[in-house]
Every structure is written in structure tokens, then in C-alpha cells.
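Whatever position you read off the sequence shown (first residue = 1), add 21 for our numbering.
In this text, a Cβ means the ideal position worked out from N, Cα and C, and glycines have one as well.
All of these numbers come straight from a predicted model, not from anything done at the bench.
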Amino acid sequence: MFRIIILLVLLAVSFTVVKLLRANWERRTDKAIKNKQKSDNILQCACCGIYIPEKKAVIHGDKIFCSLEHAKQHKK
């Protein structure tokens, strides 16, 4: 009887660990997909015309720049 109880406890713990690991893996996969989708957008700098990823772009008003320096130059 004692062996059956230990076996059931081990099965429950194993099931819980597998469930937590799977949920963690799915969260990491979802984040990677979202980051990849965001980084796929390429924008053009209004000052120099270079193309840059959206993650690195500096947006000022309705204009897009590759750096803060170009955003400041465009103001002047």
C-alpha cells in the first residue's frame, strides 16, 4: 500500500514538473516570435536615407531617424 502511495506522489510531481517546463518553453517561444516580427520592420531615416530596424529607430513626430543626432539636425 505504501508503494502505491509513493508511486502516485511521484507521478503527480512528475506531471507538475513537465507541465511547468512546457509552459515556460511556450512563453519563451512566443516571445521569440514577437521579437522577430518586430525586428522584421525596416524603416528609412528621414535625414540620411539609411534603412534601419524598427527596434533601433528614433521616432520624432511623424519622422523616423537612425539616431538622436539626425533627429536634432532635422529640427534645426
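Closest option to Val79, judged by alpha-carbon separation, among Phe23, His91, Trp46: His91. Within the same chain, and ignoring the five residues on either side of Ile63 in sequence, the residues whose Cβ sits closer than 8 Å to its Cβ are Tyr72, Ile73, Pro74, Glu75.
For Lys93, no beta strand (DSSP E) run applies; the uninterrupted alpha helix (DSSP H) run containing it begins and ends at 89 to 96, by DSSP. Here Ile71 carries a coil assignment [DSSP, helix/strand/coil].
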